[in-house]
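Notes follow once the structure below has been shown.
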Amino acid sequence: MRKLSLILAVLFFACNSGKKPDEQAFLESLDSTKVEGPAISEEAISSIIQQIPSPLEISVLLKESGTKYDKSFLNSADNISKYNSNYRKSLNLGIYGTDLGYTNIYEQNQDGLDYMAAIKELADGLSIGQFFDIETIGRLATNSKNLDSLLLITTQNFNNINHYLQEQNRANLSVLLLAGGWLEAMHITCQVAKKNPDNKELRDTIGEQKIILENIVLLLSFYKDVDQNMASLLNEMQKLQSEYEKIQIVKTYKESTFEVVDGVMVIKDNSTSEIKITNENVQNITNIISSIRKSVIS
Amino acid sequence: MKKVFYTIITACLFLIAGTTVKAQCNAEQYTNACIPKLASGFNFLKSYKIDGQGGSKTKVEYSYVFTKGTQYMINVCATGESTDGIIVSLFDSNRNQVASSKFNGQFLSAIAYPCNTTGIYYIQYTFDNSTQFCGGSALGFKR
Chain A
1 MRKLSLILAV LFFACNSGKK PDEQAFLESL DSTKVEGPAI SEEAISSIIQ QIPSPLEISV
61 LLKESGTKYD KSFLNSADNI SKYNSNYRKS LNLGIYGTDL GYTNIYEQNQ DGLDYMAAIK
121 ELADGLSIGQ FFDIETIGRL ATNSKNLDSL LLITTQNFNN INHYLQEQNR ANLSVLLLAG
181 GWLEAMHITC QVAKKNPDNK ELRDTIGEQK IILENIVLLL SFYKDVDQNM ASLLNEMQKL
241 QSEYEKIQIV KTYKESTFEV VDGVMVIKDN STSEIKITNE NVQNITNIIS SIRKSVIS
Chain B
299 MKKVFYTIIT ACLFLIAGTT VKAQCNAEQY TNACIPKLAS GFNFLKSYKI DGQGGSKTKV
359 EYSYVFTKGT QYMINVCATG ESTDGIIVSL FDSNRNQVAS SKFNGQFLSA IAYPCNTTGI
419 YYIQYTFDNS TQFCGGSALG FKR
């Protein structure tokens, strides 16, 4: 009788949760990947996470501006052995993700393969390695004609990882992944801007990151009471935010107009935004970013 | 004893059936179809599932930070070639409507937006005489 009750209880639990008991146990056994829980709902966190733009946009901007590929800006794939906690793995997964995107955009596929191997290893360590089919990606990476497919697959993979982590109530790792990716994109942009101090577009790109930084700081703040590492990163990001307080983004709204071209609604944005940023601001931001990044990658 | 066993099994089956009803909108198939439909030169950024839960939801909304100097394209895919009454509208950070894919009674399948103002934008999907209340969308960009 007791045996049967136990079987029925397990059966009922399995039906109800939609997960096999061993899968449930495995998910629960994941150590610090699950923090106690932020004070705000996972749904609210997810909606902020989705606003953060892909670092790929910055890589494309750098290439379009005529900036040459520079491997020395990137975090060496050999540093992977230093990343032995979930916190460091997640942050550096984001950093390597940006580095991979950068190599992809510049068609440096051999370097890209090194980052892909490092990414796969970090992802395995975080139990999300299933999103990377190294064989397919490696095949695409050997031929620059496959660039579009390579970009598509890697972008999709990172999007899927973010969704998966949020579904698994591991949004803290998703926040770190995005923060790492953003930090690296900022680092590369700042280093390029350092070499091209007269490039207004680069300065503006650095300035308009004020909006993204606000989101990242907000996301990290949700975890400050439950995760010491995230609290410490938040502290560093807030120093950066203090510098960003000096930058102004002035918007002028004017109703948009449009026309239909080949079945597509093409908008003409008549509004404008102006970024008020000085070279001194850029230099200070560059220094703070370098300092934060150094502590994350070393 | 057998009675208890069968009651619980039946309860389980109802729970499974309930889950199936909720999972009727397979939005992923539409997002997958939408990504290749981004116009040439656009890089894929994000895909969005549009699940109106059989009509019980009147809108589905996402947000994203658009950057000045970048062109964005948002397309919509649903059953067949049509958008099944799904309209995509874009709002700026102050909730001013920037664009809508419904024009002169026509449901356009995509909007292109060369962004001139950096900021948070809201991408909203609504339903107008939709039959499935289910679709997918892709966001792409180019410089």
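Residue numbers (the working numbering), protein chains in the order written: chain A, 1 to 298; chain B, 299 to 441.
In this text, a Cβ means the ideal position worked out from N, Cα and C, and glycines have one as well.
Keep in mind the model is a prediction, meaning the values are calculated, not measured.
query, result
"Exposure label - N279 of chain A; buried when at least 16 CB within 10 Å", "exposed"
"Partners in chain A for K344 of chain B, counting only beta-carbon separations shorter than 7 Å", "N159"
"Bridge partner(s) assigned by DSSP for Q455 of chain B", "The shown model of chain B, from 299 to 441, leaves out residue 455 of chain B, and the question about it has no answer."
"7 Å Cβ shell around N79 of chain A - same chain, five flanking residues per side excluded", "I297"
"Chain A residues whose Cβ lies nearer than 7 Å to that of F401 of chain B", "V260 and M265"
"Neighbour flag for S428 of chain B against chain A, beta carbons, 9 Å", "no"
"Inter-residue Cα distance where the pair is T286 of chain A and T329 of chain B", "38 Å"
"Limits of the beta strand (DSSP E) - the one that K82 of chain A falls within", "Taken as a continuous stretch (DSSP letters only), K82 of chain A belongs to no beta strand (DSSP E), as it is neither H nor E."
"Alpha carbon of A410 of chain B to alpha carbon of E326 of chain B, nearest angstrom", "22 Å"
"CB contact below 9 Å: Q156 of chain A versus chain B", "yes"
"Delimiting residues of the beta strand (DSSP E) encompassing S398 of chain B", "Q395 to S398"
"Distance between T365 of chain B and M237 of chain A (C-alpha atoms, nearest Å)", "21 Å"
"Amino acids of chain B, ordered along the chain, whose beta-carbon sits closer than 8 Å to that of E208 of chain A", "T365, K366 and T416"
"Inter-residue Cα distance where the pair is Q351 of chain B and C432 of chain B", "8 Å"
"Cα-Cα separation between L437 of chain B and S54 of chain A, rounded to whole angstroms", "11 Å"
"Own chain partners of I119 of chain A with C-beta closer than 7 Å, once the 5 adjacent residues on each side are dropped", "L93, Y96, G97, L100 and F132"
"Sufficient close CB pairs (3 or more, under 8 Å) joining the stretch 139-149 of chain A to the stretch 248-267 of chain A", "no"
"Chain-ordered neighbours of L61 of chain A on chain B, where CB pairs are closer than 7 Å", "R441"
"G125 of chain A (DSSP reduced to helix, strand or coil)", "helix"
"Distance CB(N373 of chain B)-CB(K335 of chain B) smaller than 9 Å", "yes"
"Backbone secondary structure at T136 of chain A - three-state DSSP", "helix"
"For L213 of chain A, the first and last residue of its enclosing alpha helix (DSSP H)", "K200 to S221"
"P412 of chain B in three-state terms, based on DSSP", "strand"
"Cα-Cα separation between A337 of chain B and Q369 of chain B, rounded to whole angstroms", "11 Å"
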